[in-house]
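J.: Residue numbers (our numbering): 3 to 207. Idealized CB from N, CA, C, for every residue including glycine. Being a predicted model, the structure only gives us computed values, none of them experimental.
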């Protein structure tokens, strides 16, 4: 292992230290981007926006179906047109969007940049289409939901956002420092073994 690789490994994981008989990791500086002024990390943000988008799509489906049922009982011609309007294609698009949101959320959870990219592409397409029809509200919505995906993809590629390093990068307005330190202690033992093996390999070389 080269000195560059060794430095990168220790920078990500840190050198465990003994405090009160327990192995802990030092408080390393966060390297990842924090969304909305530090509200949460981009991995958590990506999962949240996809969950919110799924909820909005489901609400839109239920609202549309309910409106059609109400319109079917009315004598007004416009109401009857609404009740009889074909929505098969629209329903198919909504269902596809739910699936894609789920794929992107799973990608964020599993640190898979390609699945996260599905969400980035979906919201980018929404943004462009909304811009074409000058729907500024939809443009802002899509751009805001797309933005954590692009940062997350970048951080996964750079090795910043990984399962091993996430306890150090984790950020949430609801998460306490105690929870963060507890998560760090939970994997400090495996980190210690990794660093010891790294030093041994360097020494043997």
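Skipping 5 residues on each side, what residues in its chain have a beta carbon closer than 7 Å to that of residue 23?
T.: Summary for residue 23: the model assigns pLDDT 49, below 50, so the residue's position carries little reliability; its value from the coordinates is reported in the next sentence. The beta carbon of residue 23 is closer than 7 Å to none in its chain, skipping five residues each way along the sequence.
J.: Could you tell me the boundaries of the alpha helix (DSSP H) in which residue 108 lies?
T.: 90 to 112
J.: Measure how close the beta-carbons of residue 120 and residue 105 come, nearest whole angstrom, since I'm counting them as under 8 Å.
T.: 5 Å
J.: Between 108, 103, 159, which lies nearest to residue 126 when the distance is taken from Cα to Cα?
T.: Residue 126 has its Cα closest to that of 103, out of 108, 103, 159.
J.: To which residues of the same chain is residue 144 closer than 7 Å at the C-beta, ignoring the five residues directly before and after it?
T.: 125, 128, 129, 132
J.: Return yes when at least one heavy atom of the ligand FAD lies under 8 Å from the C-beta of residue 47, else no.
T.: Ligands in the displayed structure: none, and consequently the ligand FAD is not present.
J.: Taking the alpha-carbon positions, what's the residue 97 to residue 139 distance?
T.: 22 Å
J.: DSSP puts residue 36 in a beta bridge; with which residues?
T.: According to DSSP, residue 36 bridges with 43.
J.: Going straight from the alpha carbon of residue 51 to that of residue 149, what length do you get?
T.: 10 Å
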